[in-house]
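Converting from the sequence shown to the working numbering requires adding 25 to each position, the first position being numbered 1.
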Amino acid sequence: MEQQKQNEVVVAATPTTALGALGEEQLDIDDSMKHCFENLIVIDVGANLTNKKYSRDLDSVVQRARDAGVQKLMVHGTSVKSSKEALRLSRIYPDIIYSTAGIHPHDSKSIVEEPSTWFDFEHIAQAPECVAVGPCGLDYQRDFSEPDVQKQIFAKQLQLAIRLNKPLLIHERAAQHDVLEILDKFENLPPVIIRGFMGTAEEALKYLDRRFYISLTGYLCKDKSDTGVRRLLDNGTLPLDRLLVETDAPFMYPNTRASKLPQHVKSGITERSLLYLHRYCTFQRNEPCSLPAIVEMIAAFMKKTPDEVALATAFNALKLFGLS
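In structure tokens, the structure reads:
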């Protein structure tokens, strides 16, 4: 595969000094990797590193991400327990890992069953290392929690995000109408991010019209529709200033060998990114080090350079979440 040399991303004129951390890293990799070009500098706004699949080698996972160019990681909390664990990780890996506090729609019933846990959740969300509230929202594809319960807990998290003035991460599956209806009831919303978007281009427009941000994952390898994420990128519907990227690790493995992935997209992935992806990531356990490959695929779909996408998404993340 023809290699595409990538220049290091440097952002000097941002409203934060956070990108000062995006300098050159001394890579600790074996000889087979050293012939590759310099990596992109990217920020993963969604990794589930509290998952038990990382319980034995989390240090290595974080180091591989850093070696691949992932300078900062946002670890999502999806329950009271995982939000507390995400906060703990942010303190073990300061200035690398940042946490979020969320009650995922699937876990909404746990708050109803044990109302006292909400006070613990509020306390976690107030921590300075916690940079966003969510993922929260509605998921009608599965019935782990009843829709009315999901709506109730979603609204509580909206109120909390407004009170704390922290960005809001929204998880939505087959529930856009109800999500927008609830959001429209609230004033002074903080920045809203529709995370791991898997809907149609038409649905994306409804979010973009409200100036929401959209984060994309390796799902674009699976999207085979004519109206979904790929079209969103192909036709320029999604502007760079509204785009974020995430791996959703250990889920959403970006299968770069997918038969329906266009050849120009496959050829846009550098050898370096493929080496990290194929060496350390599997369908059973994706890792944050796969993010550069995702960025390169997005860039190919958008007909932009990987540097442009990396720079824009890193800037958006730094600005939105106040990463330092």
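Quick reminder that beta carbons are idealized off the backbone N, C-alpha and C, glycines included.
Which of helix, strand or coil DSSP assigns to residue i
i: residue 196; result: strand
i: residue 201; result: helix
i: residue 247; result: coil
i: residue 126; result: strand
i: residue 34; result: Residue placement at residue 34 cannot be trusted, given a pLDDT of 32 that sits under 50; the coordinates are not used to answer.
i: residue 219; result: strand
i: residue 175; result: helix
i: residue 160; result: strand
i: residue 75; result: coil
i: residue 81; result: coil
i: residue 189; result: helix
i: residue 309; result: coil
i: residue 326; result: helix
i: residue 183; result: helix
i: residue 145; result: helix
i: residue 212; result: coil
i: residue 59; result: Unreliable placement is indicated for residue 59, whose pLDDT of 40 sits below 50; no coordinate value is reported for it.
i: residue 53; result: Bear in mind that the predicted position of residue 53 carries a pLDDT of just 43, short of 50, making it too unreliable to give a figure here.
Any non-hydrogen atom of the ligand ATP closer than 7 Å to residue i Cβ
i: residue 228; result: The ligand ATP is not part of the structure shown, which contains no ligands of any sort.
Counted within 10 angstroms of its Cβ, other Cβ atoms place residue i as buried (16 or more) or exposed
i: residue 212; result: exposed
i: residue 153; result: exposed
i: residue 261; result: exposed
i: residue 346; result: buried
i: residue 252; result: exposed
i: residue 289; result: exposed
i: residue 307; result: exposed
i: residue 317; result: buried
i: residue 199; result: exposed
i: residue 190; result: exposed
i: residue 271; result: buried
i: residue 97; result: buried
i: residue 303; result: exposed
i: residue 208; result: buried
i: residue 331; result: buried
i: residue 117; result: exposed
i: residue 141; result: exposed
i: residue 164; result: buried
Opening and closing residue of the beta strand (DSSP E) in which residue i lies
i: residue 153; result: Counting along the chain, residue 153 falls outside any beta strand (DSSP E), and DSSP gives it neither H nor E.
i: residue 97; result: 95 to 100
i: residue 68; result: 67 to 72
Residue span of the alpha helix (DSSP H) that contains residue i, given as start and end
i: residue 166; result: Here residue 166 belongs to no alpha helix (DSSP H), and DSSP marks it neither H nor E.
i: residue 121; result: Element bounds for residue 121: n/a, residue is neither H nor E.
i: residue 106; result: 105 to 117
i: residue 343; result: 331 to 346
i: residue 313; result: That residue, residue 313, is in no alpha helix (DSSP H); it is neither H nor E in DSSP.
i: residue 133; result: 133 to 138
Rounded distance between the beta-carbons of residue j and residue i, thought under 8 Å
i: residue 339; j: residue 66; result: 6 Å
i: residue 111; j: residue 102; result: 4 Å
i: residue 238; j: residue 269; result: 6 Å
i: residue 201; j: residue 228; result: 5 Å
i: residue 294; j: residue 321; result: 5 Å
i: residue 16; j: residue 196; result: No information on residue 16 is available, as it lies outside the stretch 26 to 349 that the chain covers here.
i: residue 204; j: residue 174; result: Not a contact, Cβ separation roughly 15 Å.
i: residue 104; j: residue 135; result: 6 Å
i: residue 241; j: residue 217; result: That pair is no contact at about 16 Å.
i: residue 335; j: residue 72; result: About 17 Å separates the two Cβ atoms, so there is no contact after all.
i: residue 95; j: residue 69; result: 5 Å
i: residue 246; j: residue 300; result: With 8 Å as the limit, residue 246 and residue 300 do not qualify as a contact, their Cβ atoms being about 18 Å apart.
i: residue 186; j: residue 158; result: 4 Å
i: residue 258; j: residue 323; result: 6 Å
Report the residue ranges of all beta strand (DSSP E) runs contained in full by the region 231 to 307; include only those spanning at least 3 residues, in chain order. 238 to 241, 268 to 270
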